[in-house]
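Trainee: Below are the structure tokens for one structure; questions will follow.
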Amino acid sequence: MYPELEQFHRIEKEYNDKIAALEEELKQLHEDKAEASRQYNKALSKVVYERDSDSAVELAERKKASDALNEEMKETQGKIEQLRNSRDERLQNMVASLKEGRDREFDAALKNIESKKEELRRFRAEYLLLIQQLHQTRKYAQDVDAAFKKTVKPLTTEFEHESRTLPHVNLHNPFAEDEPHGVLEKDADQVYKTGKVPDWIESYSND
74 MYPELEQFHR
84 IEKEYNDKIA
94 ALEEELKQLH
104 EDKAEASRQY
114 NKALSKVVYE
124 RDSDSAVELA
134 ERKKASDALN
144 EEMKETQGKI
154 EQLRNSRDER
164 LQNMVASLKE
174 GRDREFDAAL
184 KNIESKKEEL
194 RRFRAEYLLL
204 IQQLHQTRKY
214 AQDVDAAFKK
224 TVKPLTTEFE
234 HESRTLPHVN
244 LHNPFAEDEP
254 HGVLEKDADQ
264 VYKTGKVPDW
274 IESYSND
């Protein structure tokens, strides 16, 4: 990813981590509040039904503790909302730089693609020239053999039926006995669409 996007995600994560920590605190406060409510109701029952004076003192303490938890929950919730608003505002302010970075990287990719297209054209030319050299080499060998036979024919019949053959170079047939030496359309499509190259290329990748 490009620098502006990395910075965006880093800042977003920093805010989200802080928010998650406060949400965990708030969750614990809710649990503490639930327990405080149970203790308060227990003390209240003793005061109402048992006329327990000690429970009346405990009831006041429970009420105070419950109110304190309510206040802490409210404060924590406020911090969470403040962080969320601050996060959204800061990230919103980064959108322009995000787009600028995106456009820069995209334009660089366009230039690179044009450059690679020209390289492909050059390699295509070299590829076809290699095939031309194969043709010229085969023709030369065949001409040499034909000239030899023509020259010695008046002298001897020994080589008249001799058959010298050159190995066939498989360019495109994927079902032939030997591996294709040319670029197969399916291989080119696979690499272009998936980025995965055939396994045999590994032997050349470290050259």
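According to my numbering, the stretch in the sequence shown is residues 74 to 280, in order. C-beta atoms are modelled at their ideal positions from N, C-alpha and C, and glycine is treated no differently.
Around the Cβ of Ala116, are there at least 16 other Cβ atoms within 10 angstroms (buried) or fewer (exposed)?
Mentor: As a working note, residue 116 is residue 43 in the sequence shown. Buried: at least 16 other Cβ atoms inside 10 Å.
Trainee: Buried or exposed: Phe81, going by 16 or more other Cβ atoms within 10 Å of its Cβ?
Mentor: Against the sequence shown, residue 81 aligns to sequence position 8. Buried, by the Cβ-count rule.
Trainee: For Ala220, name the three-state secondary structure that DSSP assigns.
Mentor: In the sequence shown, counting from the first residue as 1, residue 220 sits at position 147. Three-state DSSP puts Ala220 in a helix.
Trainee: Helix, strand or coil: which one does DSSP assign to Leu171?
Mentor: For the purposes of this step, residue 171 is taken as the residue at position 98 of the sequence shown. DSSP places Leu171 in helix when its eight states are reduced to three.
Trainee: Return the Cβ separation of Leu164 and Glu85 in integer angstroms, given the expectation that the two are a contact with Cβ distance under 8 Å.
Mentor: Reading the sequence shown from its first residue, position 91 is the one you call residue 164. Reading the sequence shown from its first residue, position 12 is the one you call residue 85. Indeed, because the Cβ distance is near 6 Å, the residues count as touching under 8 Å.
Trainee: So what's Arg237 in DSSP terms, helix, strand or just coil?
Mentor: To locate residue 237, count along the sequence shown from 1; it is residue 164. Arg237: coil per DSSP, three-state reduction.
Trainee: Taking just the CA atoms, how far does Leu183 sit from Lys190?
Mentor: For the purposes of this step, residue 190 is taken as residue 117 along the sequence shown, with counting starting at 1. For the purposes of this step, residue 183 is taken as residue 110 along the sequence shown, with counting starting at 1. Going by the C-alpha atoms only, they are around 11 Å apart.
Trainee: Do the CB positions of Leu78 and Glu145 come within less than 8 Å of each other?
Mentor: Translated into the one-based positions of the sequence shown, residue 78 becomes position 5. Translated into the one-based positions of the sequence shown, residue 145 becomes position 72. Cβ atoms of Leu78 and Glu145: not closer than 8 Å.
Trainee: Which of the three DSSP states, helix, strand or coil, is assigned to Pro76?
Mentor: Locating residue 76 in the sequence shown gives position 3, counting from the first residue. In this structure, Pro76 counts as helix in the three-state DSSP scheme.
Trainee: I believe His245 touches Leu257 by the beta-carbon criterion, under 8 Å. Please report the beta-carbon distance rounded to the nearest angstrom.
Mentor: Against the sequence shown, residue 245 aligns to sequence position 172. Against the sequence shown, residue 257 aligns to sequence position 184. Yes, His245 and Leu257 are in contact; Cβ-Cβ is about 6 Å, under 8 Å.
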